[in-house]
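Written below as C-alpha cells is the structure these notes are about.
Protein chains: 4
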Amino acid sequence: MTMIDTSLLAQENTRSLNALKTDYDSLGERLDRQGIAIDEIKQKVSAYGVAIPSWGVGTGGTRFARFPGPGEPRGIFDKLEDCAVIQELTRATPSVSLHIPWDKAVPADLNAKARKLGLGFDAMNSNTFQDQPGQSHSYKFGSLSHTDTATRQQAIEHNLECIELGQAIGSNALTVWVGDGSNFPGQSNFTRQFERYLDSAKSIYAKLPDDWRLFTEHKIFEPAFYSTVVQDWGTNYLIAKELGDKAYCLVDLGHHAPNVNIEMIVARLVQFGKLGGFHFNDSKYGDDDLDTGSIDPYRLFLVFNELVDAELRGAPGFNPAHMLDQSHNVTDPIESLMVSAMEVQRAYAQALLVDRKALGDFQNNNDALSATTTLKAAFRTDVEPILAMARHENGGAIDPVSVYRASSYRQKVAELRPAVLNGGSGIV
Amino acid sequence: MTMIDTSLLAQENTRSLNALKTDYDSLGERLDRQGIAIDEIKQKVSAYGVAIPSWGVGTGGTRFARFPGPGEPRGIFDKLEDCAVIQELTRATPSVSLHIPWDKAVPADLNAKARKLGLGFDAMNSNTFQDQPGQSHSYKFGSLSHTDTATRQQAIEHNLECIELGQAIGSNALTVWVGDGSNFPGQSNFTRQFERYLDSAKSIYAKLPDDWRLFTEHKIFEPAFYSTVVQDWGTNYLIAKELGDKAYCLVDLGHHAPNVNIEMIVARLVQFGKLGGFHFNDSKYGDDDLDTGSIDPYRLFLVFNELVDAELRGAPGFNPAHMLDQSHNVTDPIESLMVSAMEVQRAYAQALLVDRKALGDFQNNNDALSATTTLKAAFRTDVEPILAMARHENGGAIDPVSVYRASSYRQKVAELRPAVLNGGSGIV
Amino acid sequence: MTMIDTSLLAQENTRSLNALKTDYDSLGERLDRQGIAIDEIKQKVSAYGVAIPSWGVGTGGTRFARFPGPGEPRGIFDKLEDCAVIQELTRATPSVSLHIPWDKAVPADLNAKARKLGLGFDAMNSNTFQDQPGQSHSYKFGSLSHTDTATRQQAIEHNLECIELGQAIGSNALTVWVGDGSNFPGQSNFTRQFERYLDSAKSIYAKLPDDWRLFTEHKIFEPAFYSTVVQDWGTNYLIAKELGDKAYCLVDLGHHAPNVNIEMIVARLVQFGKLGGFHFNDSKYGDDDLDTGSIDPYRLFLVFNELVDAELRGAPGFNPAHMLDQSHNVTDPIESLMVSAMEVQRAYAQALLVDRKALGDFQNNNDALSATTTLKAAFRTDVEPILAMARHENGGAIDPVSVYRASSYRQKVAELRPAVLNGGSGIV
Amino acid sequence: MTMIDTSLLAQENTRSLNALKTDYDSLGERLDRQGIAIDEIKQKVSAYGVAIPSWGVGTGGTRFARFPGPGEPRGIFDKLEDCAVIQELTRATPSVSLHIPWDKAVPADLNAKARKLGLGFDAMNSNTFQDQPGQSHSYKFGSLSHTDTATRQQAIEHNLECIELGQAIGSNALTVWVGDGSNFPGQSNFTRQFERYLDSAKSIYAKLPDDWRLFTEHKIFEPAFYSTVVQDWGTNYLIAKELGDKAYCLVDLGHHAPNVNIEMIVARLVQFGKLGGFHFNDSKYGDDDLDTGSIDPYRLFLVFNELVDAELRGAPGFNPAHMLDQSHNVTDPIESLMVSAMEVQRAYAQALLVDRKALGDFQNNNDALSATTTLKAAFRTDVEPILAMARHENGGAIDPVSVYRASSYRQKVAELRPAVLNGGSGIV
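Chains as they are written, first to last, in the working numbering: chain X, 1 to 428; chain H, 1001 to 1428; chain L, 2001 to 2428; chain E, 3001 to 3428.
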C-alpha cells in the first residue's frame, strides 16, 4: 500500500531525471578531482534516516493562537498515514516517534498499520508537562521533581507505561522531557528539586529493559521561566552519569542559551560517551521549533561535522538517535517535514565531503584559515544531486514537494478529515 | 459595594498598625536627615495608579499547557470583581484595561458594574492575533500587514470597533499589538509588509477621536519566530512618527532582545516625545510575562528613575500610561497582581528618593562612582512603610496578601464559578 | 607596479584554468535551465568591490593580548602595499579606508602611493575613542558627548581634520564611531548625553562638503559596558534624521544584541532612505570582528538578499558603501581579507540568483515553504566558478590564497619589517 | 603601619556615629520583631572577607583603549599598599590574590610587606594567555591545550612555578584560567583540544601540594570568539571530576551566556561537591567586569542565597573562595573595590536575613508567591547599618569612600608614582 500514487511519482521523476543525471555527473567529476567517489557518498546518504515525531504532522501553534490547516490528522492512525507520505517521497524517514498519551492505541493495531505503511517506531515520548482528563495529580508544580510523592509516583508510572507500550511496538528508547522548574526566585529549592528528579529518574531507569536506552533532554527555559530542572547539558550529563550506562543525553538544537556553541556540546557528550541523540529543528530566538536548517544551515553542518568525525574515528558507544522535532505553524506540516528531513541529509552529505586528513593537518599546524576554508568548501558544495539520486534510486521522488503537491494529498484528506474549528488557545 | 469585608480589613490593619507607625517614623527621621520629607513622597505614591489588564486575573499558560486554578473568572464581569479586590486592598489599581473581543459586553452594563466597584477603564486592546469563531478572514499569515486587502480591512475594522466601545465606557486610548511577522527567511518581503502595516495603521489613526491616543507595541519575537513587523523601538518610533501627534510607543519590559538597555530606550522615547506608556512585567529569557520586579528589581527602578527624571524636568508631552501585563501560571492571579502593583509603586517611591541635584553634579563631573551610589542609595532604601502607610490612609490594606487570604475570597468564588476542566493546550 | 609577480600569478592560474572552465560551463548550463545567464551574473560580480580598512592588515588582538605575526606593517605605506596584494589577487578590493590619526600622512604621498598601487581611498574614519600623545583633553569620559565643551570641541575638530585630509585624497565620506557611553547606571544622563552628541554631530555635519556623506555607526556595547550613546539603529536613525540628507546609518554586522534580525534592520534603513553602508564581519558572541561569513554565511546572504532587492527595485537614494571591518588575531591578515572579500562577493552572487519573480508570488500567496526554499536554492548554489572566472578575467588569481602563499610575500616583508616584540596589552 | 591616618578616620567616624546608632537600633528593633538578632548578623558580616585581585588596583581598559588615572601602582608593592587602604577602611578584604608573572617578587619581600600592611595572600593566578618577553613558545594558538607539546609543557611549568611561589607566601590555591579556544569553525578539533587540556591539567594537579586546591575557571568567550576550551560549567565540572578531590570549579559571574541562571549553576556545583569559589563582578553584556552588584544586585543576592543555604545545611565539602575580579575603567580602582567589597557583604547580610524555615514550607507547599516574597523581604531590607557598624567596630570606616577622599591618598600617590603616559592599546 502506498499513500502516493506510484505512477504519478514515476511520471514526475521522469520529467527531471535527465537534468538530475547531468548534474550528478558533473558533481561526480568535480568530486573525483578531489579524490571523492560520489557513489560512496550517495550510498551513505541512502542508508541515512531521521525519525519523524507523530505530533509533527499536525499544525503547531503558540501560546497566542493555533491556526489549523485543512486535513488535520484526527489521531495516530491519520498521523501514521501522513508520515508514510513523507517516507514514500523522501525515503529518509523510516520511523515514527510516538507521544503518549496523545498516540495511545492498541499495540497490535499500531503494528499492523505501521507494517502496512512500511514504517517502524522510534523512541517513545512521555508527557508529564500537561494534565490529562481524569488524572489524579496535577503537574502544575512539576512532575518527576514535584514536592509531592504521589505526584512523582504518577509521573514515574506514566513513563513505565510508555516503556511497556514501546516494547509492544518494537521501540527501544524512552525520551524524557519535563517542564519542571520554577517561575520565581525562591519558588523551588534547586537542590532538593534536583534530588527528587534524580530519585524519580532512577525509578524509571530501574525498570528500563536491557536493550533500551533512556534519553533525557535539557532545555534552558519554557514552560518554566525562572529556572528549569534540566536546564543545560551540564545537568543533563550529571543525570546520565548518575543513572548508568543506558542513560544518555538528548540534544534539541533550540534548547540552549543565546550564542551557545552547540556543536561543542555535541563534541563533549560524544567524548564522554553520553550523546544519546538529537531533536533537530532550527531557532533564531528561543525554542522556536522552526524547520531544520531554515535559519542557520551552517550550524547544522557543524553539528554533522562532529557526528561524521565521531563516526569515522569510531568513538566508543557512539550511536545517536536522530529525530526531527518542529512546530509547523504556517506551512503544510508534511512539506516542512520532507524539506527538513532532506536538510538533515544534506548536512550529513556535506560533512562527509570534508577532507579530514587535510583538516587534521591544518589543525595540527594552527593554520586556522585553511582549516576553516576546508569546512566551508564542503559546506558550499551543492549536494542536491546526490540526495535526489539517492531518493530516486530508493523509489522516492526527485522533487518530493512538487510530487506531493501534484498528488493533491492534502486536498483529499481535507475531505475525509473534518475541519478543526477552534484553533486558538488564548493563553497569554 | 466592596468585595472584601471592610471589618475584616480594619481588623487586620489594626494588628500591624503600631509596627507600621514605628517603621514609618524611623524611616521619616532618616529621610529627614537627607532633606527629604517622607509625607511628600507618601502623597505622590498615594496618587499613583497602575492599570490592570482584564486578562491578568485569569490563570495564564504556555504553548505546552495551562493549569487553571479554582474560581477562574467566567467573563468580564467576574474579571471586574477580581480587579476590584485588587484595588480595594492595594488602592494602586484604579482602572482596568479591556481586551476585545474577550471582554465585549453591553457598554452600559460595563459602566454600571465598574461604577459599582469603583473602577474605571483604561486603554482598549484589540486582538488580531487570533481567529474568532465566524471570522471571515484568518490572521494565520498576518492582520494589519496581511498581503490580502480584505484581511487587512477586517483587522482595521476590528480596531475601530474597539475605539467605539472604548468611547462608550470612557477609555481614551487604543493599544495595538499584532503578532504579524514571519517564520522563515523569505516568507515575507520586509518592506512591503511594513508598508501595508503603515497603511492599515493610518486607516485606524484617521478615525481616532481627538482626545484619544494610539499606542503601538513592539516585540522582538513570538508568535513570529523569524521576523516581526514591529520588532523593536526603532520601528515603533517610525510608526508613531508616520502616524502623527496622537500616536505613541508602548514599552513592554519583556519584548526586547537579550541584554538590551531598556531604560535607555525609555529615555530616547521621552526625549523624542513618543513614549506612550508601559506594559509592566519581568522576564529572564523572553516574553516571560513574570511578575513585575520579581527577576530584576533594579532594572525596574532604573526605568522609574528615567520616568521621575522626565516628570520633574517637565519633559514636553510626557504622560505615559502605566499598565501591568503578566501571565500568572503558578500563582493566584489576584495575589500576583497585588504584589506587582506594589512593586511598581515601590520603584516609583525609590526613584523619588534619588538626590537629583547631587546626581546631576556627579554626572557633570564624571564622578561615576558617586553617581551610581546615589542611585543605589535610593534603591536600597526600604520604602515599604511609605507604601503601607499610603495604602492604609487610602482605605486599603497594610498587608494586602494576608488580608486577601484571610478573606477566603478565592474559596468563595471557587464555589460560585465552575471549575475549568480542560486547561491544556497541547500546542507544541 | 605589482606586489605579486605577474608571471607567478599566470603560472598558478594556468594550472587550474581547465577545471575552472569545466565547472563554469556546467554551472552555466544548470543556471541556463533556470533562465539565468551566467555571464550576466559574472559581470555584476566583476564590477563589485568592497573597501579594506587600513587597520585590517595588521594583526588584531583583544584586551588580554595581541600576538603579532611576521611582517607587520610599520605604517600606512606598508599597509597600502598589503592592501595592494589583496586587490591584485582578488580584484574585489579597489579601495582603502583610512583611520586618522593612525594613517596620517602627507596627502600627496598618499595619493602617489595609491596611484602606483592601483588603489583608491574610501571613507575616512576618525578616532575619538583613544587618547593620543600630546592631546589636550582626554576621551576617558566621552568625546562628542563629553560633559566638557572643550573636549567636545577637540573631538569635532578632529573630525573636521579627517574631512580635510579626505578631500585631499579623493574620499567623499566620513565614518564616525564613538565609544561614548557609561559603565554604571547613573554615570550619565542619557538625555543630556545624547543632546550633546547631536550638537557635536551637527557641528561636523555643518562643515561636510556638499558631495560628501556622513556615516554614523551604532553599537550595543564595548568599550562602554552599561550604556552606549549610539546603541542601536533606532538611535542611529534619529541621528541621521536630525542631521540631514547627507547623513546615513552604517551597519556593522557585529554591533547588535543577541538574536537580533539584522537583515530586517537593513530593510528598514533602506525603506526610510538612511542606509549608508556596512562594516562587514561575522560574530558569534559580541563584536567578535571575525572573518565575514565564517560563522553564519546564510545571514550574510540574507543581508545581500535585501541589498539586491533594493538595487533591482531602484530604492530611492540607495547607494550603500561596502567595507570589511575585522580583527585578524590568529590568521595572516592578508589571507583573511582576501577570503572575506570573496565571501562578500559570494553572498552578492548568490543573492543575484534568487528568482525574485517567483519569490514575490510565493510571498503574496503566503506560501512560506516555497518562498524560503527559493532563497535556499540560490544560497546553496556553489557560485565559486563565477567568482573565480571573474577574478581570472580581471587579472586576479583563480585561487588567491594559494598564489599568495606561493609568492612568499609574507616571508619577504618579514625580512624588511622589524618584528614587533611587545604584542601584549595586559589590559584586563 | 597604616596607609590612612587613624586620627582622620576616627574623626570622620565620629561625625556619623550617632546617626548610625539610631539606624542600627531601629533596624535591630525591626529585625527583632521578625525573631532575628541583629548582633548575630553583624558578627557573621564582621567575620566575612573577600579577596582583592592585585591587578584590580590598576586602571583597566578595553581592546580599544586604556585611560590610566593618577597614581597608578608601579608594581606589586604599590599594589599591596593600595590593597591595604581598602582593607583598612572596609575591614572586608583581608587578602590579596597575586597574578604571575605580573606580581613576581622575592617571596620574603612579599611576606614582609604583607605582614606590615596586615594583609594575607589568597589564591595564585597563572597567566598563559599572554606572551612574556623572552618566552620560548607563544600562546597565540593556545597554552595548556596547544597542539605543540613543548608549548604545553611551558604552560604547565609556569603553573608549577606559581604553586612554588604561592607556597612561599602562604597561599593554598591555584586558579587556572586559559584563553585557549578558536576563532574559526574547524580551527581546532574540540575533542583533541580538550584531551590535551586535560592531560596538561593532570600534570599540574599531580604536583599540587596536599593542602592546596586547584580552581579552574570557565568562560563562554573572549579572547577566543568561536569556541573556548573551558566554555561552561559543564566542561568545568568534567575537568574537576577528572582531576580529583582537590580540583574545584570557579565561577566568575560574567562568564556565562546571556540569560543563564547563574545561581542554579552555583547550586549544582555545591550539590556535586565541586564549587571552588567566585570571581565577583557584574555584567550587562559579556565579561564586562563591572563593579559587583552595580547592574543586577538581586542576582548577586540570589547567589548568596544559595551560599547561605549551603552553609547553614552544612553541604559536604562546602568552602568556596571569594574574590573580586573587576576592571575599573572609569573610576578610582580603590573606590570601586571598596564599594564592591561592601556590596558582597551586603548580599551576604541580606541572605542571612532570609526566613529559611518559612521559605522551606512555602516551597514544599508550592506557594510560589510567598516563597519569592520571603526572599524579596530579606533583599529589600536596608542592611547598611549592620555593615557600617561591623566596619566601625572592626576599626574601619563608617563611610569608606568619604574617608578615602578626605585622606587625599590618591593625590599623594600621584605625586610619588609617575604618570602613565601611554594608556592606549589600539588593538581593534
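All C-beta atoms, glycine included, are put in the ideal place defined by N, C-alpha and C.
- Non-local beta-carbon contacts of Val-1096/H in its own chain, meaning distances under 7 Å to residues more than five positions away in sequence, involve Ala-1051, Ile-1052, Ser-1054, Leu-1080, Cys-1083, Leu-1119, Phe-1121, Asp-1122 in chain order.
- Closer than 7 Å to the CB of Arg-63/X there is at least one CB belonging to chain H.
- Around the beta carbon of Glu-2263/L, 16 or more other beta carbons lie within 10 angstroms, which makes this residue buried.
- For Met-389/X, the enclosing alpha helix (DSSP H) begins and ends at 384-393.
- Residue contact with chain H for Pro-3070/E: absent (no Cβ-Cβ distance below 7 Å to any residue of chain H).
- When rounded, the separation of the alpha-carbon atoms in Thr-3006/E and Gly-3395/E is 9 Å.
- Within the same chain, and ignoring the five residues on either side of His-3158/E in sequence, the residues whose Cβ sits closer than 7 Å to its Cβ are Ser-3126, Thr-3128.
- Where His-322/X is concerned, the enclosing beta strand (DSSP E) starts and stops at 321-324.
- Counting the other Cβ atoms within 10 Å of the Cβ of Leu-2165/L gives 16 or more, which makes it buried.
- For Leu-2290/L, the chain E residues whose C-beta falls within less than 8 Å of its own C-beta are Asn-3183, Phe-3184, Phe-3225, Tyr-3226, listed in chain order.
- For Phe-3215/E, the uninterrupted beta strand (DSSP E) run begins and ends at 3213-3217, by DSSP.
- At least 7 Å separates the CB of Ala-3092/E from every CB of chain H.
- For Thr-1151/H, the nearest beta carbon of chain E is not closer than 7 Å to its own beta carbon.
- Taking a contact to require three or more Cβ pairs closer than 8 Å, the region 3227-3242 of chain E and the region 3181-3196 of chain E qualify as touching.
- Lys-2113/L and Tyr-2404/L have their alpha carbons spaced roughly 21 Å apart.
- The DSSP-derived three-state label of Phe-1379/H is helix.
- Listed in chain order, the non-local C-beta contacts of Ala-1349/H below 7 Å within the same chain comprise Ile-1041, Val-1045, Val-1383, Ile-1386, Leu-1387, local neighbours out to five positions each way being set aside.
- Gly-56/X is positioned such that its CB atom lies no closer than 7 Å to that of Pro-73/X.
- The C-beta of Ser-3136/E comes no closer than 7 Å to any C-beta of chain L.
- Residues of the region 2355-2382 of chain L with a Cβ closer than 7 Å to any Cβ of chain X, in chain order: Ala-2368, Leu-2369, Thr-2372, Thr-2373, Arg-2380, Thr-2381, Asp-2382.
- The DSSP-derived three-state label of Pro-1053/H is strand.
- Looking at Phe-2184/L, Val-2176/L, Phe-2221/L, Ala-2092/L, the one whose alpha-carbon comes closest to that of Ile-2204/L is Val-2176/L.
- In the structure shown, the three-state DSSP call for Leu-3353/E is coil.
- Burial check for Glu-2415/L: the Cβ neighbour count within 10 Å stays below 16, so the residue is exposed.
- Of the other Cβ atoms in all chains shown, 16 or more fall within 10 Å of the Cβ of Pro-1185/H; this residue is therefore buried.
- In the DSSP assignment, His-1279/H falls within the unbroken beta strand (DSSP E) covering 1275-1280.
- For Thr-1093/H, there is no enclosing beta strand (DSSP E), as DSSP gives it neither H nor E.
- In the three-state reduction of the DSSP assignment, Val-106/X falls in the coil class, being assigned neither a helical nor a strand state.
- In summary, the residues of the region 115-139 of chain X whose CB is separated from some CB of chain H by less than 8 Å are Phe-129, Gln-130, Asp-131, Gln-132, Pro-133, Ser-138, Tyr-139, in the order they occur in the chain.
- According to the DSSP assignment, Tyr-2237/L belongs to the alpha helix (DSSP H) that extends over 2233-2243.
- Runs of alpha helix (DSSP H) with 4 or more residues, each lying fully within the region 105-148 of chain X, are found at 107-117, listed in chain order.
- Distance from Ala-1240/H to Lys-1207/H at the Cβ level is roughly 17 Å; contact not present, criterion being Cβ atoms closer than 8 Å.
- Using a CB distance below 8 Å, the part of the region 2322-2339 of chain L facing chain X consists of Val-2330, Thr-2331, Asp-2332, Glu-2335, Ser-2336, Val-2339, ordered along the chain.
- Gln-1130/H is not a Cβ neighbour of Ala-2368/L, given a cutoff of 7 Å.
- Rounded to whole angstroms, the gap between the alpha carbons of Ala-105/X and Pro-316/X is 37 Å.
- Separation of Asp-2245/L and Tyr-2237/L (C-alpha to C-alpha, rounded to the nearest whole angstrom) is 12 Å.
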